[in-house]
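Chemist: Residue numbers (UniProt numbering): 1 to 545. Backbone N, C-alpha and C define an ideal beta-carbon position, used for all residues, glycine too. I'd like to ask you about the structure that follows.
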């Protein structure tokens, strides 16, 4: 990756006179007169005498030829110099940044006054309105009148589990059912056996939602065969489509719950829609997400300590940026995008993809075109070096304090070097905290993910580099808190086009980046149809200030 980029006038006069003299003659017919013959003869004699003069004096002819030749040479030389200068400038323009070994050198960009916060007008126009009503009166029926109990496995990583919990509360409300505290299912990637109570404050969760949904900690005692809920098909509703409307649950799931009294719903990933449910149900999901689901006090306290250290790394209070860098080996492989690397590295990645996703890999012959198409459409993760160039173009200086939330970056330190060298004040939680401070959280991978989540949530600027539930939930929560702090979502499609243009100069690139991302910082926007509830809760969950 050498660069990131980047008949004569006399005859005419003779033919006009007869037309003026003879107005009756047709303009399409030339009439010859004696005067015409005389004029033509005179013209021919004059022309002949001129060329005879030149041919009789070779010095004059040679001099004239020399001057014309010199003139033409001068013109061609000027044109050539201009062309060469233009080509030289384009080939040597600081397209993006020049790479010297592992160090990127980018031109200086003046720091904009609005680097760290959104416009004031955007932060005062909307306010959160999904919180629990004070002195609320429960509209729940008596406990003995519940339609039954529902039980779910919250699958995936921490953030996918969070969404499943919010959806479970909403579904219970739709069907007037009692929710059994969700079980956090072991994720096949994370290999984590975390329980709900290991991450979230259960008492606060149940109490905050007591006017909306009845929630119990465990399966009722009268249901003796508890293992049946985990294994029996008779106790499982399996035919729930993705993004199902509320009416589907009423028509298809509720009758089975009334019959069996306790039913498990699985799979339950994304099994409730957004714009096909009542507004109050979406508002309830926001209530769960932003108010009822609180991390344990020790997780909150540790995150506050990390935030404090980020804000005081320079000896004085300073803002900081949180960067969610999604460039782990699994993400790179799953994306099926092409990235800079050696032949050996690309071959190993091909083998990895063939092993992990054989149906998508097939024989590999179609992958190059697929990778190009995905990059044009902005569906590839940004590389660390690309992130560095974009941030510098936005105006963030070398001294910017950056907290990185990421797994193990594919390519290790060599891949991270361009970003690290351009922004040396870049740290992870492992560098901010001591080993002893983090040891208490290592027994649950989701606890470490929760720390990253909170430090990113509380940052002055949050930058995502690829999609996913983590970034989606962070951006949504920061919007819900009032759109005050920037949440930057790079336009990867446009960036891909700019990175692939070998003639784009740095000034043009900077202008493109700044103009494009003025409206991609978590500003107030209608939720539907361009967003889901988790990334943008404005329409159902916020009110005009």
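What is the residue span of the alpha helix (DSSP H) that residue 496 lies within?
Modeler: Residues 492-499.
Chemist: Can you find the residues in the same chain that come closer than 7 Å, C-beta to C-beta, to residue 452, ignoring five residues on each side of it along the sequence?
Modeler: Hits under 7 Å: 405 and 429.
Chemist: Would the beta-carbon of residue 546 fall within 8 Å of that of residue 146?
Modeler: This structure cannot speak to residue 546, because the chain is shown only from 1 to 545.
Chemist: Opposite residue 322 in the DSSP bridges: which residues?
Modeler: Answer is 403 and 462.
Chemist: Looking at the structure shown, is residue 481 part of a helix, part of a strand, or coil, going by DSSP?
Modeler: Residue state, collapsed to three classes: coil.
Chemist: Check this for me: beta carbons of residue 126 and residue 524, under 8 Å apart or not?
Modeler: In contact: residue 126 and residue 524 (Cβ atoms closer than 8 Å).
Chemist: Can you round the beta-carbon distance between residue 521 and residue 488 to whole angstroms, since I take them to be within the 8 Å contact cut?
Modeler: 6 Å between Cβ atoms; contact.
Chemist: Within 10 Å of its beta-carbon, does residue 470 have 16 or more other beta-carbons around it, so buried, or fewer, so exposed?
Modeler: Its Cβ being crowded by 16 or more others within 10 Å, residue 470 is buried.
Chemist: I'd like to know whether the C-beta atoms of residue 270 and residue 294 end up nearer to each other than 8 Å.
Modeler: Cβ distance not < 8 Å, so residue 270 and residue 294 don't count as in contact.
Chemist: For residue 446, does the three-state DSSP call read helix, strand or coil?
Modeler: Residue state, collapsed to three classes: helix.
Chemist: Please report the distance separating the alpha-carbon of residue 537 from that of residue 474.
Modeler: Those two C-alpha atoms are separated by around 12 Å.
Chemist: Give me the DSSP bridge partner(s) of residue 179.
Modeler: Beta-bridge pairing links residue 179 to 150 and 215.
Chemist: Considering only the beta carbon of each residue, do residue 423 and residue 458 sit closer than 8 Å?
Modeler: Contact: no.
Chemist: For residue 327, I'd like the list of residues in its chain whose CB is within less than 6 Å of its CB, leaving aside the five on either flank, ordered along the chain.
Modeler: 381, 409 and 410.
Chemist: Identify the continuous beta strand (DSSP E) that holds residue 379 and give its terminal residues.
Modeler: From DSSP, residue 379 is part of no beta strand (DSSP E); its letter is neither H nor E.
Chemist: So residue 171 and residue 272 are supposed to be a Cβ contact under 8 Å. How far apart are they, rounded?
Modeler: With 8 Å as the limit, residue 171 and residue 272 qualify as a contact, their Cβ atoms being about 6 Å apart.
Chemist: Does DSSP classify residue 295 as helix, strand or coil?
Modeler: If DSSP states are grouped into helix, strand and coil, residue 295 belongs with the strands.
Chemist: Could you compute how far the alpha carbon of residue 174 sits from the alpha carbon of residue 240?
Modeler: Rounded to whole angstroms, residue 174 to residue 240 spans 15 Å at the Cα level.
Chemist: So what does DSSP say about residue 123, is it helix, strand or coil?
Modeler: Residue 123: helix per DSSP, three-state reduction.
Chemist: Run the CB neighbour count on residue 72, radius 10 Å, all protein chains shown included, and call it buried at 16 or more, exposed below.
Modeler: So residue 72 ends up on the exposed side.
Chemist: Just mark residue 55 as buried or exposed, buried being the case when its beta carbon has 16 or more other beta carbons within 10 Å.
Modeler: Because residue 55 sits at a pLDDT of 48, beneath the cut-off of 50, its placement in the model cannot be relied upon, and the following sentence gives the value as read from the coordinates. By the neighbour-count rule (16 or more Cβ atoms within 10 Å), residue 55 is not buried but exposed.
Chemist: Sort 298, 543 and 227 by Cα distance to residue 440 and report the nearest one.
Modeler: The candidate whose alpha carbon is nearest that of residue 440 is 298.
Chemist: For residue 230, count neighbouring Cβ atoms within 10 angstroms of its own Cβ and tell me buried if that reaches 16, exposed if not.
Modeler: Burial call: exposed.
Chemist: Quick check: what's the CA-CA separation for residue 143 versus residue 278?
Modeler: About 24 Å.
Chemist: Along the chain, which unbroken stretches of the alpha helix (DSSP H) at least 4 residues long are found entirely within the segment 228-307?
Modeler: Those alpha helix (DSSP H) runs which fall completely within the segment 228-307 and span 4+ residues are 254-260 and 279-287.
Chemist: So, are the CB atoms of residue 509 and residue 496 less than 8 Å apart?
Modeler: Contact flag unset, no.
Chemist: Between residue 533 and residue 208, what straight-line distance do the alpha-carbon atoms span, to the nearest angstrom?
Modeler: Straight-line Cα distance between these residues: approximately 20 Å.
Chemist: Here's the rule: buried if 16 or more other CB atoms are within 10 angstroms of the residue's CB, otherwise exposed. What is residue 26?
Modeler: In this prediction, residue 26 scores a pLDDT of 33, lower than 50, which makes its location untrustworthy; the coordinate-derived value is nonetheless stated afterwards. Exposed is the call here.
Chemist: For the candidate residues 274, 308 and 402, whose alpha-carbon lies nearest to that of residue 531?
Modeler: When only C-alpha atoms are compared, the closest one is 274.
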